[in-house]
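Below: one structure, written as structure tokens.
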Amino acid sequence: MKQDVIELDGAIGGGQVLRSALSLSMLTGKALRISNIRARRSRSGLMRQHLTAVQAAAQVCGARVRGAELGSQVLDFEPGPIRGGDYRFAIGTAGSCTLVLQTLLPALLQAPEPSRVTVTGGTHNPLAPPADFLQQSWLPQLRRMGAQVELQLLRHGFVPAGGGELELLVRPSPLQPVHLQERGALLGRRAWALSAGLPEHVAERELRRVGNRLGLSREELQDVQLDEQYGPGNVLLLEFAYEHLTELFCGFAQNGLRAESVADAAIDQAREWLASGAVVAECLADQLLLPMALAGGGSFTTPRLTNHLASNIQVIEAFLPVRFQTRSLGEQVLHVECRSQDR
74 MKQDVIELDG
84 AIGGGQVLRS
94 ALSLSMLTGK
104 ALRISNIRAR
114 RSRSGLMRQH
124 LTAVQAAAQV
134 CGARVRGAEL
144 GSQVLDFEPG
154 PIRGGDYRFA
164 IGTAGSCTLV
174 LQTLLPALLQ
184 APEPSRVTVT
194 GGTHNPLAPP
204 ADFLQQSWLP
214 QLRRMGAQVE
224 LQLLRHGFVP
234 AGGGELELLV
244 RPSPLQPVHL
254 QERGALLGRR
264 AWALSAGLPE
274 HVAERELRRV
284 GNRLGLSREE
294 LQDVQLDEQY
304 GPGNVLLLEF
314 AYEHLTELFC
324 GFAQNGLRAE
334 SVADAAIDQA
344 REWLASGAVV
354 AECLADQLLL
364 PMALAGGGSF
374 TTPRLTNHLA
384 SNIQVIEAFL
394 PVRFQTRSLG
404 EQVLHVECRS
414 QDR
């Protein structure tokens, strides 16, 4: 391994620690050694989606890797130069496609040529942001920062069957700081229920619950029935589009969980964020840290300092000459600012 090695204790967080570390290792050329991978999770070590992310990252930069095995809790990753091009990766389960793509995207923005990345697996996984979140919430902020990137959902894939497919197109492009200090005017809100291979009344009950609790009109509610070949699966999605950002909240169907409870999961998240006054909700806050660090600056407000936020900050600061400052602006408003140490 190279002498310039970043050593991380994966016990500070879950799979996000691994993904951020892989992205940063590729970008900086610094070798990575991470131990205790997902040590505090019920199933520790590399699961299929994490292993696919490692293998994908290694292929994109020609890395030398040790410990890339299912269940491994220790990984050595020595990156080479980032290479654009056409890539295709298969998770082989309903593990999240979006998390694999989020590992690769920061590096591909700095590749010497454009890239096309196709990943098959789960597109709507309850333990990861769904494809809709990337399309509606995260990628628009990256484009605002200067990223030239497009994402297409080619086929839905729910847990447990998987079989979904996403395609990411990336053109090399530098990122500029963005500051999210206000939501701006409300432009629209909507809810849609994606269902495949389930009785139609499931989606109808979810949407009825949203209408009753959030006061959405019939025009703002959409029942999307997919071909049963994509199922079985169901997810309820709530979107709030503001002038400066769009937030998305999800509830996933599970065995034994009533349709109303699926809707409530998304509704409760949305109502907490709406009442907080913070600009960015918790999931998007986590996802904005690395792009802002690569841009050399940026800021936003979010309801609280979550474990994900804290561990991601720790990983980023281990690799890059940036520092994140957090300060409370109220009971449910935390200000987060990224500053470059080079300036």
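Start counting the sequence shown at 74; every next residue gets the next number (my numbering). For glycine and all other residues, C-beta sits at the position ideal for the given N, C-alpha and C. What you are looking at is a predicted structure, and each value in this text was computed from that prediction instead of being measured.
Taking the straight line between their C-alpha atoms, what separation do you get for residue i and residue j?
i      : j      : result
PHE231 : PHE206 : 15 Å
LEU363 : THR375 : 16 Å
ASN327 : GLN414 : The question names Asn, yet the displayed sequence has Gln at residue 327. Answer to the nearest angstrom: the Cα atoms are 46 Å apart.
GLN423 : ALA258 : No information on residue 423 is available, as it lies outside the stretch 74 to 416 that the chain covers here.
ARG291 : VAL78  : 56 Å
MET99  : HIS274 : 47 Å
GLU320 : ASP359 : 13 Å
LEU309 : GLU279 : 7 Å
PHE392 : LEU143 : 26 Å
ARG377 : GLY306 : 31 Å
VAL133 : ASN285 : 48 Å
LEU357 : GLY235 : 24 Å
TRP346 : ARG137 : 42 Å
ALA224 : SER210 : The displayed chain sequence assigns Leu, not Ala, to residue 224. C-alpha separation (whole angstroms): 12 Å.
PRO202 : VAL173 : 11 Å
TYR315 : ALA351 : 13 Å
GLY157 : PRO272 : 44 Å
PHE45  : LEU200 : This structure leaves residue 45 out entirely; the chain is present only between 74 and 416.
VAL463 : LEU226 : The structure shown does not extend to residue 463, since the chain is modelled only from 74 through 416, so no value can be given for it.
GLY165 : GLU404 : 43 Å
LEU294 : THR171 : 25 Å
VAL335 : GLY153 : 44 Å
SER93  : GLY329 : 34 Å
ALA141 : VAL388 : 20 Å
ALA126 : GLY369 : 25 Å
ARG161 : ALA348 : 42 Å
ILE155 : GLN183 : 8 Å
ARG344 : ARG256 : 15 Å
ASP337 : ARG116 : 27 Å
Quick check on the burial criterion: 16 or more other C-beta atoms within 10 angstroms. Buried or exposed for residue i?
i      : result
HIS197 : buried
LEU81  : buried
GLY168 : buried
GLY288 : exposed
GLN122 : buried
LEU311 : buried
LEU402 : exposed
ASN385 : buried
GLU151 : buried
ASP341 : exposed
GLN398 : exposed
GLY261 : exposed
ALA339 : buried
ASP159 : exposed
ARG139 : exposed
Is it true that the CB of residue j sits closer than 8 Å to the CB of residue i?
i      : j      : result
GLU277 : ASP296 : yes
ALA266 : HIS229 : no
GLY118 : GLN146 : yes
HIS176 : LEU95  : Going by the sequence as given, residue 176 is Thr instead of His. Contact: yes.
LEU239 : ALA204 : yes
ALA112 : ALA84  : yes
GLU333 : ARG400 : no
LEU248 : MET218 : yes
GLY304 : GLY237 : no
VAL222 : GLY371 : no
GLN214 : LEU382 : no
ALA66  : SER246 : Not covered by the structure: residue 66. The range shown for the chain is 74 to 416.
GLY135 : ARG114 : no
PHE373 : VAL395 : no
LEU407 : HIS317 : no
Round the Cβ separation of residue i and residue j to the nearest angstrom and send it over; I've been treating them as touching at under 8 Å.
i      : j      : result
LEU124 : ILE110 : Not confirmed; about 11 Å, so no contact.
VAL243 : PRO185 : Contact flag wrong, Cβ pair sits at about 12 Å.
Contiguous beta strand (DSSP E) assignments of at least 3 residues, all confined to the stretch 184-244 | Fully enclosed beta strand (DSSP E) runs of 3 or longer: 188-194, 221-228, 237-244.
Can you list the alpha helix (DSSP H) stretches of 4 or more residues lying completely in the stretch 319-383, in chain order?
-> Segments of the alpha helix (DSSP H) lying fully in the stretch 319-383: 332-349, 355-368.
Ranges of the alpha helix (DSSP H) found wholly within the stretch 117-161, counting only runs of at least 4 | DSSP runs (the alpha helix (DSSP H)) wholly in the stretch 117-161: 121-134.
Segments assigned beta strand (DSSP E), at least 3 residues, entirely inside the stretch 271-309 = Fully enclosed beta strand (DSSP E) runs of 3 or longer: 294-299.
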